[in-house]
Amino acid sequence: MRPLAAAILLVSSALAQAPKPAPEVPYLPTTQVAVEAMLKLAGVTSDDVVYDLGCGDGRIVITAAKLYGARGVGIDIDPQRIREANENAKKAGVEQLVRFEENDLFKANIREASVVTLFLLTSVNARLRPKLLQELRVGTRVVSNTFDMGDWKPAKEFTVDTGDEGYFSRKLYLWTIPPRDLK
Numbered sequence: 006m007r008p009l010a011a012a013i014l015l016v017s018s019a020l021a022q023a024p025k026p027a028p029e030v031p032y033l034p035t036t037q038v039a040v041e042a043m044l045k046l047a048g049v050t051s052d053d054v055v056y057d058l059g060c061g062d063g064r065i066v067i068t069a070a071k072l073y074g075a076r077g078v079g080i081d082i083d084p085q086r087i088r089e090a091n092e093n094a095k096k097a098g099v100e101q102l103v104r105f106e107e108n109d110l111f112k113a114n115i116r117e118a119s120v121v122t123l124f125l126l127t128s129v130n131a132r133l134r135p136k137l138l139q140e141l142r143v144g145t146r147v148v149s150n151t152f153d154m155g156d157w158k159p160a161k162e163f164t165v166d167t168g169d170e171g172y173f174s175r176k177l178y179l180w181t182i183p184p185r186d187l188k
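Take 6 as the starting number for the sequence shown in our numbering and just add one per residue.
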């Protein structure tokens, strides 16, 4: 039994020391004006569960909870961002409506989402597309800040003027998950 225990300890130690994957996208928060425009474009209501993939400081799901009473889940690979998001949710008084998960967005379970928000690169969005089409229910809305999904044409595009928040304007894209036979 001792060799087995030693092997388990050795494997556990190696896994604990294995490097975590680095984020594929640099952290750049979505401006509050764009956050609110994204949620409006998606038609968020209190019946929705908003998932933000690459949630950063949590502002999208926190705003969805504050403005619409929606539940939200933020996924981010960076533990520092997850800590910050949890602190922000507590400060906003919405910690009962939102949760944050340290996870790789390609491995996270997103099946519960009725709205998914993204501020990722086009190349990452394109790699994420099969997961979205496979895991999300028909009718789930997907909104991306700035970056499209290659040849997947959005149902709507909207340009938001972010004014003095530093970016001037951003293009937002909305897709709706189609019936399985149309994918």
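We put the beta carbon where it would ideally sit given N, CA and C, even for glycine.
| Check | Outcome |
| --- | --- |
| What does Arg116 pair with, by DSSP beta-bridge criteria? | None, per the DSSP bridge assignment. |
| Looking only at its chain, what residues have a beta carbon closer than 6 Å to the beta carbon of Asp57, apart from the 5 residues adjacent to it on each side? | Ile65, Val66, Gly79, Thr122 |
| To the nearest angstrom, report how far apart Lys189 and Gly63 are at their CA atoms. | Residue 189 lies beyond the stretch modelled for the chain, which goes from 6 to 188, so this question has no answer here. |
| Pick out whichever of Ala69, Arg116, Asp81 has its Cα sitting closest to the Cα of Thr50. | Ala69 |
| Find the nearest neighbour of Gly74 within the set Gly59, Leu44, Arg175, Pro84, judged by alpha-carbon distance. | Leu44 |
| Quick one: using the 10 Å Cβ neighbour count with 16 as the cut-off for buried, is Tyr178 buried or exposed? | buried |
| Enumerate in chain order the residues of its own chain whose CB-to-CB distance from Glu117 is below 8 Å, with the five nearest sequence positions on each side excluded. | Val54, Tyr56, Val78 |
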